[in-house]
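Just so we're aligned: the sequence shown equals residues -9 to 347 in my numbering.
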Amino acid sequence: MKLFNSFNLSGLELSSRIVMAPLTRRRATNNNVPVNIMAEYYGQRASAGLIIAEGTSPSPNGVGYCNMPALCNKEQLNAWKPITKIVHDNGGKIFLQVMHAGRVGHMNNLPSGAKLFGPSAIAQLGDVATYNFGRQKYSVPVSMSLADIDNAVAEFANCSLLAVEAGFDGIEIHGAHGYLPNQFINQSSNFRTDAYGGSRYNRLRFLNRIIDSTIAKIGSNKVSLRISPFSYADLNENPIELRKLYLELVANLNPKKLAYLHLSHMGEAVSEKFVLWKEIRTLYSGVLMLCGDYTKEKAELAIQNGDADLIAFGRDYIANPDLVERLKNNWKLRERDKAFWYTNSAKGYSDYKDYSY
Ligand SMILES: Cc1cc2nc3c(=O)[nH]c(=O)nc-3n(C[C@H](O)[C@H](O)[C@H](O)COP(=O)(O)O)c2cc1C
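In structure tokens:
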């Protein structure tokens, strides 16, 4: 099977084409500092070809969820080091997903002085868990000024540099699932009339600047991008417009020579998505990773067909730290247990054991 073959990712030797998808687990401290059980958890999963560590904020403004980790100060930098070390000691490779939640969050979850930002002052629909007030409606974001945008771009670049200093093999920019760069892309969250709103080119400007500024800091072989065309975040978008926008983005990515482009689907797998994924595969000249509802068989088929180079697994990695070995040997996967996805302890997190007879 090709799935278990090693893969050269811009000079980084991956032991297989199986990737652990980024999974927010909300185990960091209330100051967004990684904790010891996170090193244990990631160390247990080092047999993945590549781990993409959970969405991590480059800014105090980007931590919309309780207990999500950040990487923008010295304490956070030092706390990430043992995590990358244990993964490397166990023979693995690890990228960091850099995720600015933007308007997806609540003021109660942000440190004092921080601002919940968005391209426009339009709240995300729905509610979110807070530290002190249970579930609350999403806060109305502050519409970012041009200086706020420059600052956020600089925060992404700075975070990429800190990630390399912390020992990560590279970063994945979170351009998916309705978080800040995605909020700029979508017409339902971006009503700006300046250089960051209106045309497709303008709505892509923020993301393109983040890509360019991180490449300038750490090199294109260490920078990758996740996008999610037609995910739940795009329900109010015009599908024709969205398709054109993603094809425009991808065409412009080719000369940037990223480590990889990662396409994810969350929620309903609408048929437009798969038509577009094929178009992106044809248009894109670099390494393509797919994620969403893959089994071993579907993953192998996608690679054999040439639809993808790498396949990421999300939910199955939560309860199966030895997922590669289980798939290789056709061992049973442990059942998914949603109850512990976002709880704040080792239970249902770092206490899943490897397969035993
Ligand atoms: C608990 C949980 C947390 C997630 N956190 C993130 C995240 O931080 N960043 C991200 O891009 N996707 C996140 N996702 C989406 C997964 O990366 C993945 O796309 C999704 O689970 C679909 O893949 P699967 O069918 O293999 O589980 C999360 C999914 C789950 C279930």
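Beta carbons are placed, not taken as given, at the ideal position from N, Cα and C, and that holds for glycine.
Where does residue i land, buried or exposed, given buried means 16+ other C-beta within 10 angstroms?
i	result
P245	exposed
I217	buried
E44	buried
T183	exposed
R7	buried
G39	buried
T46	buried
Q66	buried
S179	buried
P12	buried
L235	buried
A185	exposed
Y369	Past the edges of the chain, shown from -9 to 347, lies residue 369, and the structure says nothing about it.
S340	buried
V265	exposed
Taking 9 Å as the threshold (C-beta atoms), are residue j and residue i in contact?
i	j	result
F181	P48	no
P311	K337	no
R17	M10	no
A156	W70	yes
S254	S210	no
S37	S(-4)	no
R93	G54	yes
D283	A309	no
M58	A91	yes
L237	I201	no
G52	L170	yes
F85	I161	yes
T74	F158	yes
D299	Y332	no
N378	N176	As displayed, the chain neither begins before -9 nor continues past 347, which places residue 378 out of reach and without an answer.
I270	V213	no
V143	F107	no
P50	L100	yes
R35	Y345	no
Going straight from the alpha carbon of residue i to that of residue j, what length do you get?
i	j	result
L151	T204	8 Å
L(-1)	A292	18 Å
T272	L215	17 Å
Q126	S189	33 Å
A286	A111	Going by the sequence as given, residue 286 is Lys instead of Ala. Going from the Cα of K286 to the Cα of A111 covers about 43 Å.
I301	M279	5 Å
Q87	H252	11 Å
G257	Y128	20 Å
I76	I230	45 Å
H96	T120	7 Å
K83	L2	8 Å
S102	N21	11 Å
N98	N122	7 Å
V154	M(-9)	33 Å
V314	F330	22 Å
Answer yes or no: does any C-beta atom of chain C fall closer than 9 Å to that of residue i?
i	result
I161	Checking the listed chains, one finds no chain C in this structure; it contains a single protein chain.
Which residues end up in the neighbourhood of ligand 1 when you take C-beta atoms closer than 5 Å to any of its heavy atoms? A11, P12, L13, T14, E44, G45, S254, C281, G282, D283, F303, G304, R305, W331
Which full runs of the beta strand (DSSP E) of 3+ residues lie inside the segment 27 to 52, going along the chain? 40 to 46
Just list the alpha helix (DSSP H) runs in the segment 256 to 311, keeping only unbroken ones of 4 residues or longer that don't cross its boundaries, in chain order. 261 to 273, 286 to 294, 305 to 309
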